[in-house]
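Asker: Numbering (the numbering used here), first residue to last: 13 to 127. All C-beta atoms in this analysis are idealised placements derived from N, C-alpha and C, irrespective of residue type, glycine included. Take this structure, written in structure tokens, and hold onto it; I'll ask about it next.
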Amino acid sequence: MAVETMIATPVAIGILLFFYTQHSLVFGSSIQVSTKLVLAGLLTVLPLLWFSKGVQTVSLTTVGFFQYITPTIVFLMGVFVFQSTVAVVEWIAFGLIWSSLLLYSLTLKKRKLSN
Numbered sequence: 013m014a015v016e017t018m019i020a021t022p023v024a025i026g027i028l029l030f031f032y033t034q035h036s037l038v039f040g041s042s043i044q045v046s047t048k049l050v051l052a053g054l055l056t057v058l059p060l061l062w063f064s065k066g067v068q069t070v071s072l073t074t075v076g077f078f079q080y081i082t083p084t085i086v087f088l089m090g091v092f093v094f095q096s097t098v099a100v101v102e103w104i105a106f107g108l109i110w111s112s113l114l115l116y117s118l119t120l121k122k123r124k125l126s127n
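Rendered as structure tokens:
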């Protein structure tokens, strides 16, 4: 996160300077807008910090497994909530991904039970 911030900061400063010279800078135009922008940054950073702290307490296997949950929820919401059409190939890929995750999880559980 520190490296990402170091890379993004000069770009962000450049963009702020550009908008400042164009007299169209939003940040700093009013206390309400500036406060909302700062709080939006906190709302972005805090979950990332909590995630990085939580990752230290569980195994990387568990983290890797849970990385599949968000895309799966988005996929299923697209299909069932927003009525998106999904090709047969995409359903097959979805099934293969979750079948392999299930197989991996069962193998891992069996290995832990035998120890």
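Please state whether DSSP places V38 in a helix, a strand or coil.
Answerer: Here V38 sits in coil by DSSP.
Asker: Just the C-alpha distance for W110 and F92, rounded to the nearest angstrom, thanks.
Answerer: The alpha-carbon atoms of W110 and F92 are separated by roughly 18 Å.
Asker: Contact between the segment 101 to 119 and the segment 66 to 81 is defined here as three or more beta-carbon pairs at a separation below 8 Å; is this criterion met?
Answerer: Output reads yes: the segment 66 to 81 touches the segment 101 to 119.
Asker: Between the Cα of E16 and the Cα atoms of L60, Y32, G40, which residue gives the shortest distance?
Answerer: Of the candidates L60, Y32, G40, the one whose C-alpha sits nearest the C-alpha of E16 is L60.
Asker: Could you tell me the alpha carbon to alpha carbon distance between G90 and I104, rounded to whole angstroms?
Answerer: In a straight line, the C-alpha of G90 is about 16 Å away from that of I104.
Asker: Please state whether DSSP places T69 in a helix, a strand or coil.
Answerer: Three-state DSSP puts T69 in coil, outside helix and strand.
Asker: What span of residues does the alpha helix (DSSP H) with S96 cover, start to end?
Answerer: Taken as a continuous stretch (DSSP letters only), S96 belongs to no alpha helix (DSSP H), as it is neither H nor E.
Asker: Determine whether the beta carbon atoms of L120 and T73 lie at a separation below 8 Å.
Answerer: In this structure, T73 lies closer than 8 Å to L120 by Cβ.
Asker: Pick helix, strand or coil for M13, following the three-state DSSP scheme.
Answerer: Coil at M13, not helix or strand.
Asker: Do you know how far the Cα of F30 is from the Cα of S46?
Answerer: Taking the straight line from one Cα to the other gives about 18 Å.
Asker: Could you tell me whether the Cβ atoms of G55 and F39 are closer together than 8 Å?
Answerer: Checking the displayed sequence, the identity of residue 55 turns out to be Leu instead of Gly. The answer is no: Cβ separation not under 8 Å.
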